[in-house]
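Numbering (this note's numbering), first residue to last: 2 to 249. Structure first, then comments.
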C-alpha cells in the first residue's frame, strides 16, 4: 500500500512538472483588465502621395500667348518621417478595445515635375522639383481585436480612421495640399508584457479617403511660369506606412 502511494505521488509530481514546462510566469497579469489606461507612442513613417495627372493642358503665359503643355508629376523617393503622441484606450471586452491616439507626424515628400513639351538639348524632359514638407496633427480612432494572451505575448489587428490637420501648407509651391485630410488605417501588432510596462510594436498602412489637393491654389499664384506645373495634377491622395512603438 505504501509503495503504491509513493508511486502515485511520484507520478503526480512528474505530470505537474511536465505541465509547468510549457507555462511561464506572466508579467503584469491584470493590465488588460483595466477599463481605461493611458500611454505614449513614438515611431517612424514613410509618406507617399498618389497623383492623377491632367495630361495635355492649354497654358497662357505672361506674354498672353496660349500654348499646349504636357507636364506630369510624381513622388520619386521615400523620405523617413518622425511620429510622437499619446494614447487613451478603452476596454470593450476580452478581445476588443477602442483607442484614441492624438499624434503629430513630421515628414516630407520629394516631388518631381517632368515637362514633356519643352525638351533639353539631350532630348530629355525639363524637370522641376519641390519638397512638400508636412506637419500633421492627427487623432486616430481605432478598434483593436486581440487574440487570447499566450504567456507574455498577444498579437492583434487594428483598423480605424485618422482625421489629420496640416499645419504647414505653403502658398508659393507648385503643389499645395488642403489643410485637412482623413485616412483609413489597417495594421497589425503584438503586445509584449514586460516586468514594468507593456510594449506594443505596430505596423500600419494608411490611405486617404478624400482628394487632398488644393485645386484653388494655382489661381492664387503670381508667377505665371508656375502654372503649367501647378495645374498638372487634378487629384492627390496621401498614403503612409507607419511603424509605431506604444508604451503602456
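Ideal Cβ positions, reconstructed from N, Cα and C, are used throughout, including at glycine. Owing to the predicted nature of the structure, the values given are computational and were not obtained by experimental measurement.
Per DSSP, reduced to three states, the secondary structure at residue 101 is strand.
Rounded to whole angstroms, the separation of the alpha carbons of residue 214 and residue 51 is 11 Å.
Inter-segment contact for the stretch 226-239 and the stretch 30-38 is absent: fewer than three beta-carbon pairs are separated by less than 8 Å. Per the DSSP secondary-structure output, residue 163 pairs in a beta bridge with 184. Inter-segment contact for the stretch 156-167 and the stretch 108-115 is absent: fewer than three beta-carbon pairs are separated by less than 8 Å. Shown here for residue 249: same chain residues with a beta carbon closer than 7 Å to its own, the five before and five after excluded, namely 38, 40, 198, 199 and 201 in chain order. If you look at residue 142, you'll find it in the beta strand (DSSP E) that goes 126-147. Between residue 196 and residue 181, the gap from beta carbon to beta carbon reaches 9 Å or more.
Annotated three-state conformation of residue 168 is coil, per DSSP. As the crow flies, the alpha-carbon of residue 210 is around 45 Å from that of residue 26.
In the same chain as residue 79, and ignoring 5 residues on each side of it, the C-beta atoms closer than 6 Å to its own belong to 47, in chain order.
Remark: C-beta atoms of residue 216 and residue 186 do not approach each other more closely than 9 Å. For residue 247, the uninterrupted beta strand (DSSP E) run begins and ends at 234-248, by DSSP. Rounded to whole angstroms, the Cβ separation of residue 245 and residue 71 is 40 Å, and the two are not in contact under 8 Å. Residue state for residue 123 is assigned as coil, using DSSP reduced to three classes. Just measuring C-alpha positions, the residue of 93, 151 and 122 sitting nearest residue 30 is 151.
Assigned with DSSP and collapsed to three states, residue 95 falls in coil, not helix or strand. Proximity to residue 228 across 49, 97, 32 and 58 peaks at 58, based on C-alpha coordinates. Assigned with DSSP and collapsed to three states, residue 77 falls in coil, not helix or strand. Burial is judged here by how many other beta carbons sit within 10 angstroms of a residue's own beta carbon; residue 132 has fewer than 16 and is exposed.
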